[in-house]
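Have a look at the structure below before the remarks.
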Amino acid sequence: MAVLLLDCAFSPYQHLEKYQKKQLRSGEYGAAVTFVGSVRDLHDDFSVQSMTIECYDAMAKKEIEKICDDAACKWSIGDSLVVHRYGEVEAGEVLVLVAVWSLHRQAAFEACRYIIHHLKYAAPFWKQEHNMQGSRWLDSNSDDKGVSQC
């Protein structure tokens with residue numbers, strides 16, 4: 065498992081390719097599932113130009129590692145990778161990459177879904193959206209419907 069928190073733009077596919085080379089050499093995984101999330105330019109009828117993501121690095125990394133460990137306990141996955149931005153992120157820029165490797169696709173899909181869901185609702189990130197009219201802090205995420213019961 066690897067968790068990276070970055071304060072600059074990144075190419076999810078470069079991180080994925082570099083990390084996956086290790087996976088492909090081992091030959092033990094039959095499935096790789098990835099999720100790439102970007103900042104949207106519209107949220108609840110609020111035009112978004114950029115977003116400020118704040119976190120305490122060590123605390124966020126520890127919580128994300130716990131989420132990945134929980135996913136590994138629930139499903140038979142071999143490895144996972146999470147890369148998450150913080151700082152100033154422009155609309156359209158990549159915010160997060162989640163990748164999961166497993167013997168079988170069902171476990172990889174379910175674990176990836178679990179990780180991205182819990183990143184959104186449990187990881188300690190604070191988000192502020194910005195546009196020409198001003199800024200607004202987003203309420204803390206508390207929607208734990210569906211996936212939390214996996």
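My numbering runs 64 ahead of the 1-based position in the sequence shown. Quick reminder that beta carbons are idealized off the backbone N, C-alpha and C, glycines included. The structure displayed is predicted, hence computed values, not measured ones.
In the pairwise beta carbon analysis, the segment 128–140 is classified as touching the segment 171–191: at least three pairs are separated by under 8 Å. Under the 8 Å Cβ criterion, the segment 147–154 does not count as touching the segment 170–179, having fewer than three qualifying pairs.
By the criterion of at least three beta-carbon pairs nearer than 8 Å, the segment 94–106 is in contact with the segment 158–170. Taking a 10 Å sphere around the C-beta of Glu92, we find fewer than 16 other C-beta atoms and assign the residue as exposed. Counting along the chain, Ala95 sits inside no alpha helix (DSSP H); it lies in the beta strand (DSSP E) bounded by residues Ala95 to Ser102. With 16 or more other Cβ atoms inside 10 Å of its own Cβ, Trp165 counts as buried. Inter-residue distance for Ala122 and Arg169 is about 31 Å (C-alpha atoms, whole angstroms).
The alpha carbon of Tyr77 has as its nearest neighbour, out of Leu70, Thr98 and Glu154, the alpha carbon of Thr98.
Residue pairing by DSSP places Phe110 opposite His107 in a beta bridge.
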